[in-house]
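Protein chains: 2
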Amino acid sequence: MSEKGILAVVSGFSGAGKGTLMKALLKRYEDRYALSISATTRQPREGEEHGREYFFQTEEAFKRMIEAGELIEHACYVGNYYGTPKQYVFDQMSAGKDVILEIEIQGALKVKERFPDTLLIFVTPPSAAELEARLRGRGTETEKVIQNRLRRAAEEAEYMDQYDYLLVNDDLDACVEEMHRLIQSQHQKTSENSGFIADMKNELKNYKN
Amino acid sequence: MSEKGILAVVSGFSGAGKGTLMKALLKRYEDRYALSISATTRQPREGEEHGREYFFQTEEAFKRMIEAGELIEHACYVGNYYGTPKQYVFDQMSAGKDVILEIEIQGALKVKERFPDTLLIFVTPPSAAELEARLRGRGTETEKVIQNRLRRAAEEAEYMDQYDYLLVNDDLDACVEEMHRLIQSQHQKTSENSGFIADMKNELKNYKN
């Protein structure tokens, strides 16, 4: 089927286990996927590397990327810019890799608007009670941070319907397989196989007369 | 995920191996699927049973079904009516079965228009040459019949783009699994999980204040 990579955007509540899920998926199928790397103007934290966690940019360079149309989407949080460089994503897709962007909702919807074939996946725990339990279970956050995350989740839930697919992260291993199958099934979409369809129409034309 | 069944419509060229594929799918996952049974006004052939191959109806009874809105779609071929009874399909879906309609293209597009959540799958051999080889390989058809089928395939190919997914039937066993995965993945669509999403929004509301 289609040889060009799929663009998949993954969002979900903080505490849904997205990070662990993505790591497990990329480890299990490393030849199949590429994880998009965001550009940002925020300072690198300890252990973060340019080109691995982020492409670290000055605000001036970041603004030049915006103006040159080099970002698929971008947004500003707490005074720092974040964005998805187009080149890397398109290069990986051309090379046949399925590219995953792990970005928040507003960015995800912008990508879908611009590239309607994008697969939008929303990762969620099986229930709100489970989400709260996971946030508390970490044991590292203050009550205020937990309440903030739950409030944010309540706001984010309003956008769940705008995603194409839901992925309930209950059992990590099963969830990795579900995500893999979901993304791989997109290669069978007719819109991803216009070359195959054109060839078929063309070959069959000979029988028309 | 969603407990209600999926409605999947399967079409494809004569010679694509749809019949064998459906039989193998239903045999392998008999608890999961129900095959829709069409109503028809044509005479039963030897070995055909009312309620198994078709619901055999008089023309009068068939027209009453049309008028009463009891058919999802219907069409007339070579003087005989064919149609899909709504009741059976909806009953099976409510019982949690994924229902498969194996119907031709015009009917498929009508179903999609009326029920946009319907999954349209087009089954095709890997190439036109392979289609021709399979039609000839049967060894039971006259040259005229083979040419007619190829001409019809050429016309049908014009509608391939209007299907959601393509299924290339190269290896039967792999194709059965692909179809199964494709239909099962639809249970994760947000549009199939409005109940889950509503519950999640509702539970999270408590954290908003």
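These protein sequences, in sequence, are chains A and B.
No gaps in the numbering here: position 119 of the first sequence is 111 in my numbering, and each next residue is one more.
No gaps in the numbering here: position 31 of the second sequence is 23 in my numbering, and each next residue is one more.
Virtual Cβ for every residue (Gly too), placed ideally from N, Cα, C.
With DSSP collapsed to three states, give me the class of residue i.
| i | result |
| --- | --- |
| A/S119 | coil |
| A/T12 | helix |
| A/G99 | helix |
| B/T182 | helix |
| B/A31 | strand |
| A/N72 | strand |
| B/A0 | strand |
| B/D162 | coil |
| B/D153 | helix |
| B/E65 | strand |
| B/I87 | Residue identity check: residue 87 of chain B is Ala in the sequence provided, not Ile. The answer is coil: DSSP assigns B/A87 none of H, G, I, E or B. |
Cα-Cα, which of the options is closest to residue i?
| i | options | result |
| --- | --- | --- |
| A/L196 | B/E170, B/P118, B/L17 and B/Q154 | B/P118 |
| A/Y199 | B/E184, B/M57 and B/N140 | B/N140 |
| B/E59 | B/S183, B/P77 and B/R143 | B/P77 |
| A/S183 | A/V115, A/F107, A/E65 and A/D153 | A/F107 |
| A/R173 | A/E133, A/L17 and A/A120 | A/L17 |
| A/V1 | A/E22, A/K55, A/Y73 and A/V81 | A/V81 |
| B/S30 | B/S86, B/D23, B/Y46 and B/E40 | B/Y46 |
| A/G61 | A/M171, A/G75, A/T50 and A/E51 | A/G75 |
| B/K89 | B/H179, B/F188, B/L112 and B/K193 | B/H179 |
| B/A235 | B/I(-2), B/S3, B/R44 and B/E(-5) | Outside the displayed range of chain B (-7 to 201) lies residue 235 of chain B, so it cannot be described from this structure. |
| A/E150 | B/E(-5), B/L13, B/G43 and B/M192 | B/M192 |
| B/H(-1) | B/A120, B/I97 and B/M85 | One point to set straight first is that residue -1 of chain B is Leu, not His, in the sequence displayed. Of B/A120, B/I97 and B/M85, the residue nearest in Cα terms is B/M85. |
With 16 as the cutoff for other CB atoms within 10 Å, does residue i come out buried or exposed?
| i | result |
| --- | --- |
| A/S28 | buried |
| A/C167 | buried |
| B/N79 | Checking the sequence, you will find Gln at residue 79 of chain B rather than Asn. Exposed. |
| A/E94 | buried |
| B/E148 | buried |
| A/Y69 | exposed |
| A/K10 | buried |
| A/S177 | buried |
| A/K104 | buried |
| A/N161 | buried |
| B/E65 | buried |
| B/E124 | buried |
| A/N185 | buried |
For a contact meaning CB atoms closer than 8 Å, what does residue i contact in chain B?
| i | result |
| --- | --- |
| A/K25 | Note that residue 25 of chain A corresponds to Tyr in the displayed sequence, not to Lys. Result: empty, since nearest Cβ-Cβ is about 17 Å, beyond 8 Å. |
| A/N185 | L158 |
Residues of chain A with CB closer than 8 Å to the CB of residue i, please, in chain order.
| i | result |
| --- | --- |
| B/I189 | A149, M152, D153 and L158 |
| B/L142 | L196 and Y199 |
What residues of chain A sit near residue i, judged by a beta carbon separation below 7 Å?
| i | result |
| --- | --- |
| B/M85 | Per Cβ cutoff of 7 Å: no residues; B/M85 is ~19 Å from chain A at best. |
| B/A146 | L196, K197, Y199 and K200 |
| B/A120 | M192, E195 and L196 |
Give the interface partners of residue i over in chain A, defined as CB-CB distance under 9 Å, in chain order.
| i | result |
| --- | --- |
| B/Q139 | Y199 |
| B/S177 | Y157, E170, R173, L174 and S177 |
So who's on the other strand from residue i, going by DSSP bridges?
| i | result |
| --- | --- |
| A/G47 | First, the residue type needs correcting, since residue 47 of chain A is Phe and not Gly in the sequence shown. Paired residue(s): A/A31. |
| A/F114 | A/S3 and A/L158 |
| A/E94 | A/V2 |
| A/Y25 | A/D90 |
| A/H172 | According to DSSP, A/H172 bridges with nothing at all. |
| A/P108 | DSSP, once it has assigned bridges, lists no residue as partnering A/P108. |
| A/P77 | A/L63 |
Just the chain B side, please: which residues come within less than 9 Å of residue i by C-beta, in chain order?
| i | result |
| --- | --- |
| A/K181 | D156, Y157 and L158 |
Report the neighbours of residue i on chain B: residues whose CB is nearer than 7 Å to its CB, in chain order.
| i | result |
| --- | --- |
| A/T116 | M192 |
Beta carbon of residue i: closer than 7 Å to some heavy atom of the ligand GDP?
| i | result |
| --- | --- |
| B/D109 | The ligand GDP is absent from the structure shown, which contains no ligands of any kind. |
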